[in-house]
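S.K.: Residue numbering for the sequence shown follows full-length UniProt numbering, starting at 1 and increasing by one per position. Please find one structure pasted underneath; my questions will follow.
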Amino acid sequence: MKTVYSDDHRLHAAKVELIDGTLKPAHEKPVRADIILSRVNEVGLGEVVEPEDFGIEPLGRIHDSRYLIFLETAWAMWQKTGRDWDALPLAWPVRGMRAIEPDEIDGKLSYFSFDAGAPITSGTWPAVRASANVGLTATRMVKDGERAAFGLCRPPGHHAAVDYCGGYCFLNNAAIAAQWLRDHGCDRVSVLDIDYHHGNGTQSIFYERADVQFLSLHADPRQEYPYFLGYSDEIGHGKGEGFNVNYPMEWGTGFEAWGQALSDACNEISYFGPDVVVVSLGVDTFEKDPISQFKLKSPDFLEIGRRIASLKRPTVFLMEGGYAVEEIGVNAVNVLTGFEN
Ligand code: SP5
Ligand code: ZN
């Protein structure tokens, strides 16, 4: 299969991450994409192509226009106040507080985020635009008849919702791709999210819709980030009831239990009968992932690809998380080669 890749991901490089009560080098860093790309070339997965520019319109089909303006202008506003370090929020409106967009940049950073995990830098806007274009270009290939395509998206997207960023994510690449398919002749789309963390952004975007099915395999929110979404009783609402499927699993889960959840999710997808499957491909389920607690091994990722292939649906793979940098290329590309063989 073809890979879509843009060097522009480099424009977003967070300096630090607040983790374990301290500031550490960011886990979500440019070398992640470099290593995946070298593995794609090493195994000869297929041609690597540049994304096309889809403009702002497909982003506005998912995200709020005020949020998009914020993402585009945040760095300039931040810099104007004399700071050149990464822009980060510090406070959030919780129970009983007012959710009103403030005028000043520090307040806007809080209003348009749900955590301090999505720092805005000088190149964040062009990088996230490129990441969405990578996803859309891979999606168009599949819509135009390819059996599958790989969008090597970076930054990732599945924690980003209609009007907030968080968890290293700014634009929800998978949601933008799924909506683009709906707008270009597909009646039903499934988004299968296999990242270690719950895809709270994608779930919230499609929660009341029956045309986009969302399924997520992830660490139990009782134990793991993002904590406040991802329970199994979240089944969708209104017209969307029955079209949201969560598989929370406890810390320490290995491939036996995880693979059973995947098989169940695949049955749900077959029953739904989508025109296209969009896979939010995170490989932070890997046993050596530095911020995660599942126990998948590198060969398990081949089996994941095989099971997704057995759905026999046109499939778009979009990169999400995975922080064991040394093995991220092998693990991500194992899913793709498993799919093809
Ligand atoms: C796209 C994606 O995978 N985003 C993940 C964002 C996770 N951010 C919070 C991580 C919290 C990790 N806490 C574990 C401490 C390890 N010592
Ligand atoms: Zn993740």
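Ideal Cβ placement from N, Cα and C applies to all residues, glycine included. All values derive from a computational prediction rather than experimental measurement.
Just mark Gln260 as buried or exposed, buried being the case when its beta carbon has 16 or more other beta carbons within 10 Å.
M.R.: Classification of Gln260: exposed, given that the 10 Å Cβ count is below 16.
S.K.: I need the DSSP call for Gln223, collapsed to helix, strand or coil.
M.R.: coil
S.K.: If you draw a straight line from the alpha carbon of Tyr247 to that of Arg66, how long is it in whole angstroms?
M.R.: 33 Å
S.K.: Once you ignore the five residues that flank Gly273 on each side, which residues in its own chain have a CB closer than 7 Å to its CB?
M.R.: Arg188
S.K.: With distances taken from CA atoms, which of Tyr231, Ile269, Pro30, Thr124 is nearest Gly329?
M.R.: Ranked by Cα distance from Gly329, the options Tyr231, Ile269, Pro30, Thr124 are led by Pro30.
S.K.: Measuring from the CB of Gly166, is there a heavy atom of the ligand ZN at a distance below 7 Å?
M.R.: no
S.K.: Just verifying my parser: in three-state terms, what is the DSSP assignment at Tyr5?
M.R.: Per DSSP, reduced to three states, the secondary structure at Tyr5 is coil, with no helix or strand assignment.
S.K.: Identify, in the order they occur along the chain, each residue of the same chain with its Cβ nearer than 7 Å to the Cβ of Leu336, setting aside the five sequence neighbours on each side.
M.R.: Met1, Leu45, Phe150, Gly305, Phe317
S.K.: CB-CB under 7 Å to Tyr207, same chain, minus the five flanking residues each way: which ones, in chain order?
M.R.: Gly236, His237, Gly240, Asn244
S.K.: Identify the residues that DSSP records as bridge partners of Asn244: which are they?
M.R.: Phe214
S.K.: Near Cys153, what residues of its chain come up, given a Cβ to Cβ distance below 7 Å and the 5 sequence neighbours on each side ignored?
M.R.: Cβ-Cβ distances below 7 Å link Cys153 to Ser131, Val134, Gly135, Asn173, Leu318, Met319 in the same chain, with the five nearest sequence neighbours on each side left out; the list follows chain order.
S.K.: Just to confirm my understanding: we take Glu327, look at its own chain, exclude 5 residues before and 5 after, and list those with CB closer than 7 Å. What are they?
M.R.: If we look at Glu327 and ignore the five residues flanking it on each side, its Cβ neighbours are Phe286, Lys288, Ser298.
S.K.: Looking at C-beta atoms only, is the number of pairs between the segment 7 to 23 and the segment 92 to 101 that lie closer than 8 Å three or more?
M.R.: The segment 7 to 23 vs the segment 92 to 101: no contact.
S.K.: Please confirm whether any heavy atom of the ligand ZN lies closer than 7 Å to the CB of Asp115.
M.R.: Checking every heavy atom of the ligand ZN against the Cβ of Asp115, none is found closer than 7 Å.
S.K.: Is His9 near the ligand SP5, going by C-beta to nearest heavy atom under 7 Å?
M.R.: no
S.K.: Answer with buried or exposed for Thr139, where buried requires no fewer than 16 other C-beta atoms within 10 angstroms of its C-beta.
M.R.: buried
S.K.: Is DSSP giving Ala14 helix, strand or coil here?
M.R.: DSSP places Ala14 in coil when its eight states are reduced to three.
S.K.: For Leu232, count neighbouring C-beta atoms within 10 Å of its own C-beta (all shown protein chains included) and say buried if the count is 16 or more, exposed if not.
M.R.: Note that residue 232 is Ser in the sequence shown, not Leu. It counts as exposed.
S.K.: To which residues of the same chain is Pro290 closer than 6 Å at the C-beta, ignoring the five residues directly before and after it?
M.R.: Tyr323
S.K.: Taking only runs that begin and end inside the segment 35 to 82, name each unbroken alpha helix (DSSP H) of 4 or more residues, in chain order.
M.R.: 57 to 60, 65 to 80
S.K.: Who pairs with Phe150 in a beta bridge, going by DSSP?
M.R.: Residue pairing by DSSP puts Phe150 in a beta bridge opposite Thr3, Phe317.
S.K.: Are the beta-carbon atoms belonging to Phe170 and Thr124 less than 8 Å from one another?
M.R.: yes
S.K.: Just to check, is the beta-carbon of Tyr231 closer than 7 Å to a non-hydrogen atom of the ligand ZN?
M.R.: no
S.K.: Figure out for me which residue from Ile56, Asn331, Thr121, Asp144 has the closest Cα to the Cα of Gly185.
M.R.: Asp144
S.K.: Compute the minimum distance between the beta carbon of Gly321 and the heavy atoms of the ligand ZN, and state whether it is under 7 Å.
M.R.: The beta carbon of Gly321 sits closer than 7 Å to at least one heavy atom of the ligand ZN.
S.K.: Does DSSP put Ile291 in a helix, a strand or coil?
M.R.: coil
S.K.: Check Pro299 in the structure and name its three-state DSSP category.
M.R.: helix
S.K.: Should Asp53 go down as buried or exposed, given a rule of 16 or more other Cβ atoms within 10 Å for buried?
M.R.: Classification for Asp53: exposed.
S.K.: Under the rule that 16 or more other beta-carbon atoms within 10 Å means buried, what is Phe114, buried or exposed?
M.R.: Around the CB of Phe114, 16 or more other CB atoms lie within 10 Å, so the residue is classed as buried.
S.K.: Flag Gly201 as yes when its Cβ comes closer than 7 Å to any non-hydrogen atom of the ligand ZN, and as no otherwise.
M.R.: no
S.K.: With a threshold of 7 Å, establish whether the CB of Asp284 neighbours any heavy atom of the ligand SP5.
M.R.: Yes, the ligand SP5 has a heavy atom inside 7 Å of this Cβ.
S.K.: Pick out whichever of Ile269, Val277, Asp284 has its Cα sitting closest to the Cα of Asp195.
M.R.: Asp284
S.K.: Judging by CA-CA distance, which residue of Pro155, Tyr168, Asp163 is the nearest neighbour of Ile100?
M.R.: With distances taken between Cα atoms, Ile100 lies closest to Asp163.
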